[in-house]
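First up is the structure itself, then whatever we jot down about it.
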């Protein structure tokens, strides 16, 4: 049931995948103008990853806690 509830959340894995793709292509554009900009220690990339994951985790937590998606749809309802 938990997997099905997550699939009914408003903030889904596909949203995360689109955000990651946009970020990746922005990084490619930035790298083409200034290659040394993206040379950093590994832990800086890890910190950035965590920072950008926080909004999705908060949104998902709120939806699971209340039992409703952000659009107020019941998460246990199956299409």
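In this note's numbering, the protein residues as written are 362 to 440.
Glycine is no exception: its CB is placed at the ideal position from the N, C-alpha and C atoms.
Rounded to whole angstroms, the gap between the alpha carbons of residue 381 and residue 411 is 13 Å. Contact between residue 398 and residue 392 holds: their C-beta atoms lie close to 7 Å from each other, under 8 Å. Counting only runs of at least 4 residues, the stretch 392–421 fully encloses no alpha helix (DSSP H) element at all.
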